[in-house]
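Participant: Below is one structure. I have some questions about it.
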Amino acid sequence: MKKSELKELYQMKFPDYPDIVTIKQLREMLGVSRALAYRLISDGEIQVV
């Protein structure tokens with residue numbers, strides 16, 4: 007999938023969230039626990055800046 011397609015999909019799926027989100031927002035978006043959110047980041051499944 008192209009980067010532009012991913013961006014469009016993100017905007018359709020999460021229109022109320024900015025491109026860079028907090029852990030709290032990430033948890034809301036995915037419906038996961040705090041521990042799992044940090045594990046996804048630690049495992050490289052979610053990029054951080």
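In our numbering, the protein residues as written are 7 to 55.
Each residue gets a CB set at the ideal place from its N, CA and C atoms; glycine is no exception.
To the nearest angstrom, how far is the alpha carbon of ALA48 from that of LYS19?
Facilitator: Checking the displayed sequence, the identity of residue 48 turns out to be Ser instead of Ala. Each residue's Cα considered, the two are about 24 Å apart.
Participant: For VAL54, I'd like the list of residues in its chain whose CB is within less than 7 Å of its CB, leaving aside the five on either flank, ordered along the chain.
Facilitator: Cβ within range, chain order: ILE47.
Participant: Go to LYS30, then tell me how far its alpha helix (DSSP H) extends in each direction, as first and last residue.
Facilitator: Looking at the DSSP string, the run of the alpha helix (DSSP H) that includes LYS30 is 29–36.
Participant: Kindly list the residues whose CB is nearer than 8 Å to the CB of ARG40, restricted to its own chain and excluding five residues on each side of it in sequence; keep chain order.
Facilitator: Result list for ARG40: ILE29, ARG33, in chain order.
Participant: With H, G and I counted as helix, E and B as strand and the rest as coil, what does DSSP make of GLU11?
Facilitator: GLU11 falls in the helix class under three-state DSSP.
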